[in-house]
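A.B. asks:
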Amino acid sequence: MNFLSDTTAPAHPKLIDAIAAANTGFASSYGNDAISARVEARLREIFECDLKVLFAVSGTASNALALSVLCPPDGAILCHDEAHIHRDERGAPEFYTGGGKLVPLRGEHAKIELAELDRALEEIPEGFVHASPARVLSLSNLTESGTAYTVAEVRERTVRLENRPAFVHMDGARFANALVSLGCTPAELTWKAGVDVLCFGATKNGALGAEAVVLFPSVADRFEMLQARQKRGGHMAPKMRFMAAQFEAWLADELWLELARAANNRAAALAAGLAALPGIEILHPVEGNEIFARLPEAVATRLRAAGAEFYQWPDGSARLVTSWCTQASEIESLLATARQISP
Ligand SMILES: Cc1ncc(COP(=O)(O)O)c(C=O)c1O
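Per our numbering, the very first residue in the sequence shown carries number 3; after that it's consecutive.
1) Are there 16 or more other CB atoms within 10 angstroms of the CB of R224, so buried, or fewer, so exposed?
2) For E283, collect the residues of the same chain with a Cβ closer than 7 Å to its Cβ; drop the 5 residues on either side in sequence, then sort them by chain order.
3) From this set, A230, I48, T324, which residue's C-alpha is nearest P12's C-alpha?
4) Quick check: the Cα distance between G235 and A178, rounded to an integer number of angstroms?
5) Within its chain, find whatever has a CB closer than 6 Å to the CB of K103; leave out the 5 residues flanking it on each side and keep chain order.
6) Report yes if the C-beta distance between R176 and N291 is below 8 Å; otherwise report no.
7) Taking the alpha carbon of L184 as the point to measure from, which residue in L210, K206, L144 has its own alpha carbon closest?
8) For ligand 1, I want to know if E146 counts as a neighbour, meaning its beta carbon is within less than 7 Å of at least one of the ligand's heavy atoms.
9) Which of the three DSSP states is assigned to M172 in this structure?
10) Would you mind sorting R321 into buried or exposed? The rule is 16 or more other CB atoms within 10 Å of its CB.
11) On the CB-based measure, 16 or more other CB atoms within 10 Å of its CB, does V161 come out buried or exposed?
12) R263: which of Y313, N207, A230, G281 sits nearest, CA to CA?
13) Going by the C-beta, is G185 closer than 7 Å to any heavy atom of ligand 1?
14) Return the first residue and the last residue of the alpha helix (DSSP H) that E155 is part of.
15) According to DSSP, simplified to helix, strand and coil, what is P280?
16) Could you please give the first and the last residue of the uninterrupted beta strand (DSSP E) stretch that includes P106?
17) Nearer than 7 Å: is that true of the beta carbon of A175 relative to any heavy atom of ligand 1?
18) Taking V197 and L217 to be in contact with their CB atoms under 8 Å, please state how far apart those CB atoms are, rounded to whole angstroms.
19) Classify Q232 as buried or exposed, calling it buried when 16 or more other Cβ atoms lie within 10 Å of its own Cβ.
20) CB-CB under 6 Å to A94, same chain, minus the five flanking residues each way: which ones, in chain order?
21) In terms of residues, what are the limits of the beta strand (DSSP E) holding E292?
22) Name the DSSP beta bridge partners of C186, please?
23) First and last residue of the beta strand (DSSP E) that includes A214?
24) To the nearest angstrom, how far is the alpha carbon of F49 from that of L69?
25) Could you work out which residue in T10, Q342, R157 is closest to T303 when comparing CA atoms only?
26) For H88, collect the residues of the same chain with a Cβ closer than 6 Å to its Cβ; drop the 5 residues on either side in sequence, then sort them by chain order.
27) Can you give me the C-alpha to C-alpha distance between P298 and G100, rounded to a whole angstrom?
28) Can you grab the Cα-Cα spacing for the pair A20 / V55, in whole Å?
29) Taking all protein chains shown into account, do 16 or more other C-beta atoms lie within 10 angstroms of the C-beta of R137, making it buried, or fewer, making it exposed?
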């Protein structure tokens, strides 16, 4: 009953097999190998556009590097107050942008409220010498509360920056979970809705460790800058073929979507079971693989004693995360334990 995080899950065997299969002979380093080229071609098909891609080993690295090519040192990055880039990356975005200022905005269920975005943009008019101009809007999808911005919701936000020299970054550490929950296409949820860069995460959804910074056509000319920052920042993996191999297996036969669907389905079952119990409150719509629940103290204690692992969030709620390999029996055990104690 491990619901700590999807990063605690093992890698999918097909990805491990792909790493082993890539482990033959010599191949060009630093992303100049045949597998990387094939993955880029596959991503062009999936996203229906002429994109560029660079692999990174962690979500933090890919976010920070992506932001570093979008935001100048004196620019501002507008994001949600709960955003991983704001709360959980130890200042990496500020470090890699050389001083870019993160401007946290409020909004229910970790989605930036439109009025908040409008207010922030009004407060930093273009050309006002004293304020850091808005150069990036960063949206997380899934959000940090496990909700999914719909295509329309992404568009409503990106459109507000259209008359500024600004870009849109999407933290897609759980992009696959958002996508299958919404039922739209990858293109609709990204560049067609105004997203310039997607940090496309595979690690939380079956990879050993593979993230992709995807530059859509609007910023594809920044690829060399991105590579240079990755090298300078010490994040350019020489044997990038092994990351590419993970992506190749993950994207093949829609495995990435299948794994995300499995995780989401387990989360939906767990949320429904918990919501049916008296005294338990589900705090955010469950639109992916994360559940935030207010549990009576006795229930939380009993669950932990029975071996269930989950984090207590700063607001006191329990965060339960499912993964591609969460078993139905784990959900049943957790719910059966909760039912024993529930008033
Ligand atoms: C929304 C979000 N973005 C990015 C990340 C990437 O973090 P890491 O650097 O641990 O791969 C995470 C991990 O928890 C996350 O939840």
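Even for Gly, the Cβ is constructed at its ideal location relative to N, Cα and C. A quick note: this is a predicted structure, and the numbers were derived from the prediction, not measured.
C.D. replies: In short:
1) buried
2) Around E283: A295, R296.
3) T324
4) 27 Å
5) A78, S134
6) Yes, these two residues count as a Cβ contact at 8 Å.
7) L144
8) yes
9) strand
10) buried
11) exposed
12) Of the candidates Y313, N207, A230, G281, the one whose C-alpha sits nearest the C-alpha of R263 is N207.
13) no
14) 153 to 160
15) coil
16) 103 to 107
17) yes
18) The Cβ separation is near 11 Å, so there is no contact.
19) buried
20) T62, A66
21) Unbroken beta strand (DSSP E) run through E292: 292 to 296.
22) Answer is none; C186 lacks a bridge partner.
23) 213 to 217
24) 21 Å
25) Q342
26) Excluding sequence neighbours, H88 sits near C81, L104, P106.
27) Approximately 45 Å, taken between the alpha carbons.
28) 19 Å
29) buried
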